[in-house]
Ligand code: ADP
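In UniProt numbering, the protein residues as written are 21 to 342.
In structure tokens:
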């Protein structure tokens with residue numbers, strides 16, 4: 021029988037719709053905001069980009085440079101001290117990440133009740149929308165996205181940062197259709213082994229088996245990200261996550277039994293290198309999962325074409341590779 025996750029361990033804020041710290045759906049920021057301090061920057065607010073568990077994102081144009089950024093707005097008057105600390109940790113971790121495939125963090129400031137985080141704008145949304153519109157992606161696109169994702173994650177892991185919430189919805193596309201990993205809300209710094217948290221986190225579909233089992237308090241290591249990389253690769257190739265199910269219980273039970281299959285279909289050929297790549301990530305034994313260093317060298321990337329350039333038209337239409 022399966023153990024139910026303890027309810028207090030459900031960390032994702034999305035799952036608590038009545039949270040008082042959430043920003044109201046109808047809320048609009050002021051038409052223009054000026055950063056406090058000695059070298060103030062003023063941003064005029066544009067369209068709403070999206071909304072997450074705690075944050076709402078808007079476009080913001082710098083009055084000085086006319087450059088457009090993503091402004092993530094979070095209520096600063098956070099009741100629980102814990103959430104505030106968590107948010108600070110997110111910003112501290114994110115501010116140290118500088119990589120072509122990680123959303124660039126520029127600055128953060130607080131005005132009255134709201135904290136504004138200035139991020140590099142990813143105008144093409146996340147992989148979730150692209151995969152939804154396309155059903156599934158072509159092999160050259162998947163190779164391009166996966167090598168960039170693995171490169172970004174490899175960079176984090178080298179700096180002892182585990183993302184812990186890698187999923188298509190947190191992986192954005194920039195103007196040139198390059199991957200930008202975002203949302204460091206659950207990122208943890210691995211340095212202090214004893215301080216590894218054992219909180220249940222991540223979204224059901226992407227969660228690694230060792231997070232579910234309470235056996236031993238090993239906490240998480242960076243291999244939870246490797247698992248998620250496997251889930252993302254499968255989802256891009258097939259259009260749905262590998263352990264897709266109606267209920268969370270069913271997802272967990274499939275995941276623990278490693279029950280997933282490659283549906284064969286005349287228009288969707290999956291080479292064995294791709295299956296092998298996914299299988300190596302979806303290993304129930306986290307110690308046996310490859311490091312990002314190994315993954316970037318995988319045959320999947322060398323045996324077959326990689327999309328070196330990608331037109332944004334591919335967001336909606338399957339490209340024809342000549
Ligand atoms: P939360 O941390 O509360 O989950 P997110 O970081 O997921 O918030 O942001 C909420 C939404 O804002 C995202 O789903 C996405 O649509 C949009 N968004 C976030 N960051 C960016 C960005 N850098 N560029 C464009 N849109 C973004």
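Note that beta-carbon positions come from the ideal geometry of N, C-alpha and C, so glycine has one too. Note that the structure is predicted; figures quoted are calculated from it, not measured.
Specify the secondary structure class of residue i as computed by DSSP and reduced to three states.
i: residue 140; result: strand
i: residue 62; result: strand
i: residue 154; result: helix
i: residue 294; result: helix
i: residue 80; result: strand
i: residue 227; result: coil
i: residue 195; result: coil
i: residue 122; result: strand
i: residue 249; result: helix
i: residue 73; result: coil
i: residue 278; result: coil
Indicate, with yes or no, if the ligand ADP has a heavy atom lying under 7 Å from the CB of residue i.
i: residue 112; result: no
i: residue 140; result: yes
i: residue 205; result: yes
i: residue 106; result: no
Since residue i and residue j should fall inside the 8 Å C-beta cutoff, what is the C-beta to C-beta distance between them, to a whole number of angstroms?
i: residue 284; j: residue 253; result: Between residue 253 and residue 284 the Cβ distance is about 18 Å, and since that is not below 8 Å, they are no contact.
i: residue 182; j: residue 121; result: Actually they do not touch by this definition, with Cβ atoms about 16 Å apart.
Between the options, which lies nearest to residue i when the distance is taken from Cα to Cα?
i: residue 77; options: 259, 42 and 122; result: 42
i: residue 72; options: 157, 166 and 189; result: 189
i: residue 280; options: 302, 130, 329 and 323; result: 302
i: residue 44; options: 95, 90 and 230; result: 95
i: residue 355; options: 204, 179, 159 and 341; result: Limits of the chain in this structure are 21 at one end and 342 at the other, which puts residue 355 out of reach.
i: residue 277; options: 245, 314, 174 and 229; result: 229
Please report the straight-line C-alpha distance between residue i and residue j, rounded to a whole angstrom.
i: residue 233; j: residue 193; result: 34 Å
i: residue 211; j: residue 161; result: Low per-residue confidence applies at residue 211: pLDDT is 42, beneath 50, and the placement is therefore not dependable enough to give any value.
i: residue 309; j: residue 119; result: 24 Å
i: residue 251; j: residue 294; result: 12 Å
i: residue 50; j: residue 327; result: 41 Å
i: residue 86; j: residue 61; result: 11 Å
i: residue 81; j: residue 136; result: 13 Å
i: residue 333; j: residue 58; result: 43 Å
i: residue 256; j: residue 55; result: 39 Å
i: residue 176; j: residue 52; result: 34 Å
i: residue 341; j: residue 196; result: 18 Å
i: residue 270; j: residue 88; result: 43 Å
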